[in-house]
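Written below as structure tokens is the structure these notes are about.
Number of protein chains: 2
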Amino acid sequence: MPQLRLALAQVNPCVGDLAGNADLVVEWSRKAVEAGAHLVVFPEMVLTGYPVEDLALRESFAAASRQALVELARRLDDAGAGGVPVFVGYLDRDERGMRNAAAVLHGGEVVARQFKHHLPNYGVFDERRYFTPGDTLDVVRLHGLEIGMVICEDLWQDGGPIAALGAAGVDLVVSPNASPYERNKDDLRLPLVARRAAEAKAPLAYVNTVGGQDELVFDGDTIVVGADGELLTRAPQFVEHLVVLDLDLPGGASREAGEFEGFEVRRLVISEDPLPAYDPLPAPQAAEPLSDEAEVWHALVTGLRDYVHKNGFRSVVLGLSGGIDSAVVAALAVDALGADSVHCVSMPSVYSSDHSKSDAHDLAQRTGLHYSVQPIADMVKVFVDQLGLTGLAEENVQARCRGIALMGLSNQHGHLVLATGNKSELAVGYSTIYGDAVGGFAPIKDVLKTLVWDLARWRNAQAEKLGEQPPIPENSISKPPSAELRPGQVDTDSLPDYDLLDSLLDDYVEGDKGYHDLIEMGFDHELVDRVLRMVDKAEYKRRQYPPGTKITLKAFGRDRRLPITNGWREG
Amino acid sequence: MPQLRLALAQVNPCVGDLAGNADLVVEWSRKAVEAGAHLVVFPEMVLTGYPVEDLALRESFAAASRQALVELARRLDDAGAGGVPVFVGYLDRDERGMRNAAAVLHGGEVVARQFKHHLPNYGVFDERRYFTPGDTLDVVRLHGLEIGMVICEDLWQDGGPIAALGAAGVDLVVSPNASPYERNKDDLRLPLVARRAAEAKAPLAYVNTVGGQDELVFDGDTIVVGADGELLTRAPQFVEHLVVLDLDLPGGASREAGEFEGFEVRRLVISEDPLPAYDPLPAPQAAEPLSDEAEVWHALVTGLRDYVHKNGFRSVVLGLSGGIDSAVVAALAVDALGADSVHCVSMPSVYSSDHSKSDAHDLAQRTGLHYSVQPIADMVKVFVDQLGLTGLAEENVQARCRGIALMGLSNQHGHLVLATGNKSELAVGYSTIYGDAVGGFAPIKDVLKTLVWDLARWRNAQAEKLGEQPPIPENSISKPPSAELRPGQVDTDSLPDYDLLDSLLDDYVEGDKGYHDLIEMGFDHELVDRVLRMVDKAEYKRRQYPPGTKITLKAFGRDRRLPITNGWREG
């Protein structure tokens with residue numbers, strides 16, 4: 001049977017950085033050629049990064065992307081990678097509009113290009129705002145084998161390009177993707193890819209982006225299946241990785257061009273002669289998907305690291321209260337950036353307990369991060385006395401003095417401030433705007449409180465398994481949560497128990513259940529009424545919250561768009 | 001010729017407030033019936049408000065909207081308005097998905113319903129995210145006349161529903177709209193409405209929403225034209241208004257049902273018999289469109305007033321620096337809410353000039369708003385000394401102490417904080433996050449600095465024309481702008497002259513010109529380089545800025561969506 005050595009480059013581009021992303025393509029193509037690959041596939045829009053959002057509407061950006069593609073073809077040739085076709089996603093523009101495109105670069109030239117047909121426009125996706133759908137499929141002939149391509153959503157939707165390739169005939173399908181990580185998605189990808197291979201009647205190679213881009217994180221999870229749906233290999237999640245795999249292809253697919261299932265299928269010839277037989281490499285072992293907590297932890301670490309580095313920061317600063325949220329954020333930051341890049345400040349007020357200070361200090365010692373103490377009593381006193389503040393106004397001033405102090409240290413020393421709020425707080429508005437909400441990035445913004453605890457326990461257990469010091473003090477995990485903004489305050493003064501709250505939030509926010517559904521599911525009607533009002537009222541606070549890595553379907557941010565002025569109340 | 005008395009209700013609904021919006025429809029329908037109208041038309045999605053954004057995805061909200069429509073039909077009948085058909089926009093859902101819909105209510109029942117066909121998905125619009133397009137047109141027969149309907153974008157796009165109604169035959173077209181105000185749109189609506197009337201071969205009544213909804217403001221500008229395109233009447237902008245107009249219709253349109261231009265045209269009979277001849281009312285005079293500055297001023301006042309009131313606030317607080325931005329925001333707030341609802345605080349630092357304090361005091365005396373002085377020197381000193389802050393870190397602490405003070409007063413007294421930043425500052429990031437950017441609403445967020453000055457001069461001139469005290473001190477208009485965060489500082493230390501900066505921003509942001517275009521237009525290349533870098537770098541600040549009324553095509557906010565992590569640099 002005809003052989004072919006496939007290289008799939010699971011890489012981490014940065015949106016807009018055409019020069020850096022082109023370097024990435026050259027570097028990984030060279031590695032692929034050194035490994036003897038016969039073709040190399042990169043993720044969707046790797047040259048521009050994904051999602052480019054309204055950059056897609058700038059004529060100058062589209063022109064630069066087209067230009068960068070032509071230059072990349074030449075550079076690949078100069079770098080000794082001109083002899084193998086390289087599949088590269090980019091932003092194109094023609095007389096019908098902007099295009100989510102992928103090209104085949106070979107011999108210093110752009111030899112084929114294809115535009116995405118199915119444009120997702122739900123959740124985080126806005127592609128109908130930007131792109132015009134394509135209806136042409138460029139199948140390239142390589143060593144006598146017919147190689148077809150489908151871009152991301154074209155794989156997820158029934159019919160369309162996959163059906164057309166199946167009808168027209170191909171020996172292999174490659175699929176560049178930028179498919180964000182999402183918790184509890186279960187393993188949707190493998191069965192999907194297997195089904196589409198069967199529909200295309202050919203092996204299918206799914207290549208995904210890896211890395212963080214603002215609120216999105218891409219987990220990689222590149223997959224190759226045979227025509228029968230059998231898993232041939234799978235890349236590890238959350239790391240850049242080059243899959244190199246020898247395929248035995250049956251070959252002999254039809255070479256007919258023309259219209260199939262409403263698409264114009266074109267046939268482009270790179271090389272006709274089959275490869276002489278060679279000894280294949282041992283098949284790379286398929287990576288095991290990570291456990292739920294491991295997956296979330298890696299997603300948060302990846303999102304945080306890339307946000308910090310891609311925005312040109314080298315270090316972060318955060319307030320360490322001794323509580324679970326800031327402890328987990330500090331541990332994430334140490335895993336993402338190294339202890340020497342993490343600066344923590346304990347900022348006790350007159351209401352802070354002794355254990356707040358000792359637990360914060362304990363965490364600093366366990367992890368080796370930079371630690372200092374800045375009491376806020378003097379700052380708070382001036383505001384409270386001069387303005388005559390009492391009650392909630394006095395509580396909030398404490399959180400805001402901490403926010404100012406962190407921003408002062410950020411401005412003075414160049415650290416990015418991390419906000420430590422979790423999704424449960426943010427959902428019900430249990431946070432102080434311009435106070436604990438201060439920061440450039442909020443690593444656990446999309447993590448419900450009960451999951452924050454689970455992650456802390458998981459991270460400590462992992463450390464124990466490896467014979468390392470668990471980073472998070474046991475007392476930070478086990479004590480009752482408190483904002484400590486007045487004497488003896490605990491979260492349950494204002495909120496239901498977190499088990500109950502999170503369960504309700506999950507059904508209301510993720511599940512889109514209505515008031516009556518929630519009552520029917522057994523939640524107490526007063527609780528439902530109270531929590532739903534809190535969630536609806538807090539929309540304005542969430543709008544001004546910093547970005548944070550998204551791990552669920554409905555994070556607060558760009559994939560949940562609600563009015564602030566809103567007279568709608570469930571129930 | 002057959003007569004018909006048309007009532008067009010240019011009203012101000014609130015998104016989500018189904019009960020309040022239903023009350024509005026009943027109240028204005030009753031007025032229309034009292035005026036002897038034979039049919040009443042309300043704006044697009046009046047029952048839910050517009051835009052509902054992701055509320056459209058909540059099953060419970062769609063169900064409540066459908067239920068509210070049925071109840072509204074009954075209530076109209078009970079209120080004595082059951083005898084005239086009332087056209088009401090709402091959110092519908094059927095087996096094919098969510099629908100941007102409008103119904104005809106008559107005799108206590110929903111007698112016709114139609115779904116929007118063209119779904120806008122550019123700028124502020126996201127309708128392809130939410131709605132399924134309709135392809136059926138319900139033409140109702142009223143007193144023997146054929147009345148067709150097109151919803152908003154169906155009027156703006158060539159072909160489609162208007163062409164279908166023209167082919168099928170109608171005696172009158174009504175069009176419910178929610179079309180946001182936009183500066184420099186010139187007068188696009190009247191020629192468009194006139195052209196569509198010609199295509200439909202019938203008079204056309206365009207009814208628009210009025211009022212503010214988060215960042216959008218709707219100006220009304222309801223228009224009626226004859227079949228020949230002649231303007232019959234036009235409602236005033238930015239106020240609720242009932243247009244009552246007698247039409248002489250030729251009648252005799254074809255009554256054929258079936259498929260026209262790809263749409264299924266249905267014919268529904270409310271009443272066959274022509275009205276007996278009656279004495280028409282004198283035709284209402286067409287309102288003159290407002291001048292440019294007047295239009296912007298009214299848009300900002302309307303947006304501010306509705307944001308405050310629809311979110312349940314009664315009063316606002318803002319920092320008064322003596323400079324032009326806070327002076328204009330204070331004057332807008334007084335016009336929107338009345339002087340007794342506006343609380344201003346002068347917060348001098350050690351670097352504040354004498355004129356800062358005297359100009360702020362002067363404005364307070366001119367307008368009669370509440371005024372107090374809170375020096376910030378003691379607050380600033382604690383942070384600077386304890387944390388060892390210098391340079392930019394020290395400058396920012398001053399702005400942040402002011403922000404905390406305003407939020408303290410807001411929490412203590414229940415005022416909404418207004419941020420006073422303008423679009424030029426926000427564009428280049430010349431503002432302090434958690435400092436002068438603090439606030440629940442930013443009235444001049446979309447107003448370039450040069451326009452802030454123009455508006456101040458216009459508002460003062462208006463006052464003089466009316467023999468009133470001009471609200472804005474001349475010195476606030478004429479002195480060079482300064483943040484006063486260090487001795488002798490003026491804006492031009494850090495920024496180009498505002499005339500030049502605004503002209504460049506207008507071409508870069510509104511005009512989407514690229515680096516090379518701007519050089520070709522004659523801008524200095526160092527200036528272009530510097531300003532474009534500032535704009536690109538400030539994206540993260542703009543994301544955390546409060547909402548503010550949008551008056552241009554590309555305000556910073558939901559209609560300009562850019563990545564924060566972004567390696568793209570023009571040029």
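So the sequence lines, in the order shown, correspond to chains A and B.
What the first sequence shows, in full-length UniProt numbering, is residues 1 to 571, in sequence order.
What the second sequence shows, in full-length UniProt numbering, is residues 1 to 571, in sequence order.
Backbone N, C-alpha and C define an ideal beta-carbon position, used for all residues, glycine too.
Being a predicted model, the structure only gives us computed values, none of them experimental.
Which residue marks the beginning of the alpha helix (DSSP H) containing residue i, and which one marks its end?
{"i": "R542 of chain B", "result": "539-543"}
{"i": "T233 of chain B", "result": "From DSSP, T233 of chain B is part of no alpha helix (DSSP H) but of the beta strand (DSSP E) over 231-234."}
{"i": "residue 580 of chain B", "result": "The structure shown has nothing for residue 580 of chain B, since chain B only spans 1 to 571."}
{"i": "Y371 of chain A", "result": "Unbroken run through Y371 of chain A is the beta strand (DSSP E), 370-373; no alpha helix (DSSP H)."}
{"i": "L426 of chain B", "result": "423-428"}
{"i": "R129 of chain B", "result": "127-130"}
Is any non-hydrogen atom of the ligand HEM found closer than 8 angstroms to the C-beta of residue i, if you look at the structure I gave you?
{"i": "W568 of chain A", "result": "Of ligands this structure carries none, so the ligand HEM is not represented either."}
Could you tell me whether the Cβ atoms of residue i and residue j are closer together than 9 angstroms?
{"i": "F218 of chain B", "j": "P43 of chain B", "result": "yes"}
{"i": "R5 of chain A", "j": "L245 of chain A", "result": "yes"}
{"i": "N566 of chain B", "j": "L39 of chain A", "result": "no"}
{"i": "E34 of chain A", "j": "A73 of chain A", "result": "no"}
{"i": "H118 of chain A", "j": "D154 of chain A", "result": "yes"}
{"i": "P85 of chain A", "j": "V111 of chain A", "result": "yes"}
{"i": "A336 of chain A", "j": "T367 of chain A", "result": "no"}
{"i": "G220 of chain B", "j": "V239 of chain B", "result": "yes"}
{"i": "V174 of chain A", "j": "V207 of chain A", "result": "yes"}
{"i": "residue 579 of chain A", "j": "L275 of chain A", "result": "No answer is possible for residue 579 of chain A: the residues shown for chain A start at 1 and end at 571."}
Look up residue i in the DSSP assignment and say whether it is helix, strand or coil.
{"i": "C14 of chain A", "result": "coil"}
{"i": "R402 of chain A", "result": "helix"}
{"i": "L392 of chain A", "result": "helix"}
{"i": "Q67 of chain B", "result": "helix"}
{"i": "H118 of chain A", "result": "coil"}
{"i": "V243 of chain A", "result": "strand"}
{"i": "F61 of chain B", "result": "helix"}
{"i": "S346 of chain B", "result": "strand"}
{"i": "V438 of chain A", "result": "coil"}
{"i": "V124 of chain A", "result": "coil"}
{"i": "V447 of chain B", "result": "coil"}
{"i": "V225 of chain A", "result": "strand"}
{"i": "S356 of chain B", "result": "helix"}
{"i": "W458 of chain A", "result": "helix"}
{"i": "L505 of chain A", "result": "helix"}
Terminal residues of the continuous beta strand (DSSP E) containing residue i?
{"i": "L495 of chain A", "result": "Unbroken run through L495 of chain A: none, as it is neither H nor E."}
{"i": "E468 of chain A", "result": "E468 of chain A -> no beta strand (DSSP E), and no H or E assigned at all."}
{"i": "A101 of chain A", "result": "97-106"}
{"i": "T136 of chain A", "result": "136-142"}
{"i": "H415 of chain B", "result": "Per DSSP, H415 of chain B belongs to no beta strand (DSSP E) and is neither H nor E."}
{"i": "H516 of chain B", "result": "That residue, H516 of chain B, is in no beta strand (DSSP E); its alpha helix (DSSP H) goes 515-520."}
{"i": "L91 of chain A", "result": "86-94"}
{"i": "R267 of chain B", "result": "263-269"}
{"i": "L39 of chain B", "result": "39-41"}
Provide the residue(s) that pair with residue i in DSSP beta bridges, ordered along the chain.
{"i": "R366 of chain A", "result": "DSSP, once it has assigned bridges, lists no residue as partnering R366 of chain A."}
{"i": "M149 of chain B", "result": "B:V174"}
{"i": "Q386 of chain A", "result": "Its beta-bridge partners do not exist; DSSP assigns none."}
{"i": "G258 of chain B", "result": "B:V265"}
{"i": "G557 of chain B", "result": "B:R560"}
{"i": "V110 of chain A", "result": "A:L105"}
{"i": "D248 of chain A", "result": "A:Q3"}
{"i": "Q237 of chain A", "result": "A:G220"}
Query - Inside the stretch 153-222 of chain A only - beta strand (DSSP E) runs reaching at least 3 residues - result: 172-177, 204-208, 210-213, 216-219
Scan the stretch 277-336 of chain B and note each continuous beta strand (DSSP E) run of 3 residues or more that stays entirely inside, going in chain order.
316-319
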